[in-house]
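Enquirer: Residue 273 in this note's numbering sits at position 273 of the sequence shown, and the numbers go up by one each step.
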Amino acid sequence: MPKLVQKCGYIRNGSAAKYMRYIATREGVEKLHGRGPVTQPQKKLIERLLKDYPDTKELFEYSDYCASPTFGNASELITMALDANVHTMEAGDGYLKYIATRPRVEKRGDHGLFSDTQDVSLQDMMAEVAEYHGPVWTVILSLRREDASALGYDSAENWRTLLLQHRTRLAQAMKIPVDDFRWCAAFHDEGYHPHVHMMVWSADEKYGYLNKTGITAMRSALTNTIFQDEMHNLYVKKDLAYQDLVKQSRSAMAELIARMESTSLDNDSITRKMVELANALGSVKGKKQYGYLPKKLKELVDAITDELALQPDVAACYQVWNDLRDKLEGYYKDKPRVHNPLSKQKEFKAIKNSIIREADRLRLELEQEEMDYTNPNANEESGEIDSTETPPKTDSAQQPIKSPAVNNYNPAVIAAVTRLLYHMGQIFRDNAMAPTSPLGLRIDSKRRKKLMAKRLALGHKADDHEEQGWQNGPSM
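#1: For residue 291, count neighbouring C-beta atoms within 10 Å of its own C-beta (all shown protein chains included) and say buried if the count is 16 or more, exposed if not.
#2: Please classify residue 299 as buried or exposed, where buried requires at least 16 other C-beta atoms within 10 Å of its C-beta.
#3: Within 10 Å of its beta-carbon, does residue 221 have 16 or more other beta-carbons around it, so buried, or fewer, so exposed?
#4: Can you find the residues in the same chain that come closer than 7 Å, C-beta to C-beta, to residue 179, ignoring five residues on each side of it along the sequence?
#5: Can you have a look at residue 36 and say buried or exposed, based on whether 16 or more other CB atoms are within 10 angstroms of its CB?
#6: Who are the near neighbours of residue 74 in its chain, counting only those whose CB is closer than 8 Å to its CB and skipping five residues on each side?
#7: Determine, using beta carbons only, whether residue 201 and residue 137 come nearer to each other than 8 Å.
#8: How should residue 173 be labelled, buried or exposed, when 16 other C-beta atoms within 10 angstroms of its C-beta is the threshold for buried?
#9: Tell me whether residue 155 sits in a helix, a strand or coil according to DSSP, three-state version.
#10: Assign residue 94 to buried or exposed, taking buried as 16 or more other Cβ atoms, counted over all protein chains shown, within 10 Å of its Cβ.
#11: Which value, in whole angstroms, describes the spacing of the CA atoms of residue 305 and residue 271?
#12: Secondary structure at residue 309, three-state DSSP: helix, strand or coil?
#13: If you follow the beta strand (DSSP E) that residue 529 is in, where does it begin and where does it stop?
#14: What does residue 141 pair with, by DSSP beta-bridge criteria?
#15: Can you tell which of 141, 354 and 214 has the C-alpha that lies nearest to the C-alpha of residue 274?
#16: Would you call the region 143 to 162 and the region 202 to 210 touching, i.e. three or more CB-CB distances under 8 Å?
#17: How big is the Cα-Cα spacing for residue 356 and residue 9?
#18: Could you check which residue in 68, 71 and 78 has the C-alpha nearest to that of residue 48?
#19: Quick check on this structure: which residue in 366, 144 and 313 has the alpha carbon closest to the alpha carbon of residue 280?
#20: State the beta-bridge partners of residue 184 as determined by DSSP.
#21: Is residue 240 buried or exposed, if buried means 16 or more other CB atoms sit within 10 Å of its CB?
#22: Which of helix, strand or coil does DSSP assign to residue 71?
#23: Report buried or exposed for residue 129, applying the criterion of at least 16 other Cβ atoms within 10 angstroms of its Cβ.
#24: What does the alpha-carbon distance come out to for the pair residue 165 and residue 347?
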């Protein structure tokens, strides 16, 4: 569940003034607390709330109630569910009869409303929205008590400072010009989950639009500020974890090279599929890239990718990558991430083209072996063939390679599979940086390519910044 719960709605046709009065002056009856079991009337009311307002399940109070269905937790859930949806309620639906304006709004004078200025006239604000005919958005921002207390968000002033700091970003997310951005808010110091009610509208009624992308952008910006220190530590931990993973990947590569030198390999399935793909690429015209391949060959590339993902070191790298990404996205997304197979994870799509390049390289090497096998004197008669050039096209490019040298222990096949794992290590390293790192460590891919081009022009090698222990890695 996200650390910051954010609920958004909107009001039309003059109800905004009533909602504004409610959030600004809410006082009166204390909620009931207790450790005893939930009562039947509470259960029935909660069932009705869940039916009428399904997004109640996104609240902190709902997860607390599910974990421990006590009288007190039920009271907290009912209170917050009604609070979050009061702007949608009609006088005759029964809910407003239940609500008696409750305590804990932090007031300045006779109300708790704040905005761009500290001194807000409730009557003037209510008059403005009462005459307003466009949509007025409602935003509720809620924290757990322990987070609010530890981070200082247990007072109206600190919430006001936060919202002022992100005023421009909130306006952009809601497609409202900054000069037309109008807002007000009130802080409700609830027991377990203190929260802020915010109202937003545009001075010019033709502006204003909020979709899922905007909601996510708002939550992400606010979360990154509220939990700045905690997220900083998490990103540092993530970077350190990936450094360890790179070392593990290189260690695994060293073992694979040793196996190659002893002509042994323990994954026959991958080598068979690589030879199958190499044979099939001979009949492919045009670009030999994943997006241009026939469906059957794409499926074969996917199968090779997912089999490589089962290798212990690759699986460990991918698991840690997923775990840390889960933690990062959990800060600002409601739904847990889906863990896709490696072949379906877009951040690692470069693996597929690496497989295709190695298979095509393998095809050329095996075709050359076939030519040498069928015509052993060809090189002596015509001179040495430049291995960097594509061999002349022969019928073998259209037919499966039949040389007896082609088997799972053929050095060319072993080298191709080994290079695949090396490529995967490189791709994992390229994806090691956090998606939106606040540390300023991420660099745009185009900028990175320009910098690399300058380094190469100055005489640097592409890998001269790698650790010295990997200088004897497989050739590319």
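Glycine included, C-beta positions come from ideal geometry on N, C-alpha and C. The structure displayed is predicted, hence computed values, not measured ones.
Expert: Reading from the atomic positions:
#1: Along the sequence shown, read from residue 1 onward, the residue named residue 291 stands at position 291. Answer is exposed; the Cβ neighbour count stays below 16.
#2: In the sequence shown, counting from the first residue as 1, residue 299 sits at position 299. Exposed, by the Cβ-count rule.
#3: Your numbering for residue 221 matches position 221 in the sequence shown. Classification of residue 221: buried, given that the 10 Å Cβ count is 16 or more.
#4: Taking the first residue of the sequence shown as position 1, residue 179 is located at position 179. Cβ within range, chain order: n/a, list empty.
#5: Here residue 36 corresponds to residue number 36 of the sequence shown, with the count starting at 1. Residue 36 should be labelled exposed.
#6: Working through the sequence shown from its first residue, we reach residue 74 at position 74. Listed in chain order, the non-local C-beta contacts of residue 74 below 8 Å within the same chain comprise 38, 39, 42, 43, 46 and 65, local neighbours out to five positions each way being set aside.
#7: Within the sequence shown, numbered from 1, the residue matching residue 201 stands at position 201. Within the sequence shown, numbered from 1, the residue matching residue 137 stands at position 137. Contact: yes.
#8: Taking the sequence shown and counting its residues from 1, one reaches residue 173 at position 173. By the neighbour-count rule (16 or more Cβ atoms within 10 Å), residue 173 is buried.
#9: Position 155 of the sequence shown, counting from 1, holds the residue named residue 155. Under the three-state reduction of DSSP, residue 155 is assigned to coil, being neither helix nor strand.
#10: Here residue 94 refers to the residue found at position 94 when the sequence shown is read from its first residue. Residue placement at residue 94 is poorly supported in this model, since its pLDDT is 40, which falls under 50; the coordinates still yield a value, given next. Exposed: under 16 other Cβ atoms inside 10 Å.
#11: On the sequence shown, position 305 is the one that residue 305 refers to. On the sequence shown, position 271 is the one that residue 271 refers to. Inter-residue distance for residue 305 and residue 271 is about 12 Å (C-alpha atoms, whole angstroms).
#12: The sequence position of residue 309 within the sequence shown is 309, counting from 1. In the structure shown, residue 309 sits in coil (DSSP, three-state: anything other than H, G, I, E or B).
#13: The structure shown does not extend to residue 529, since the chain is modelled only from 1 to 476, so the question has no answer here.
#14: As a position in the sequence shown, residue 141 is number 141, starting the count at 1. 6 and 196, per the DSSP bridge assignment.
#15: Here residue 274 refers to the residue found at position 274 when the sequence shown is read from its first residue. Ranking the options by Cα distance to residue 274, first place goes to 354.
#16: no
#17: Start at 1 with the first residue of the sequence shown, and residue 356 comes out as number 356. Start at 1 with the first residue of the sequence shown, and residue 9 comes out as number 9. Computed Cα separation, rounded: 49 Å.
#18: Against the sequence shown, residue 48 aligns to sequence position 48. When only C-alpha atoms are compared, the closest one is 78.
#19: Position 280 of the sequence shown, counted from the first residue, corresponds to residue 280. Checked all of 366, 144 and 313; the closest Cα to residue 280 is 366.
#20: Taking the sequence shown and counting its residues from 1, the one referred to as residue 184 is at position 184. Residue 184 pairs with 199.
#21: Taking the sequence shown and counting its residues from 1, the one referred to as residue 240 is at position 240. Exposed, because fewer than 16 other Cβ atoms sit within 10 Å of the Cβ of residue 240.
#22: Locating residue 71 in the sequence shown gives position 71, counting from the first residue. Looking at residue 71 - three-state DSSP - the assignment turns out to be helix.
#23: The count along the sequence shown starts at 1 and reaches residue 129 at position 129. Residue 129 comes out buried.
#24: Numbered from 1 along the sequence shown, position 165 holds the residue referred to as residue 165. Numbered from 1 along the sequence shown, position 347 holds the residue referred to as residue 347. Spanning the two alpha carbons is a distance of roughly 32 Å.
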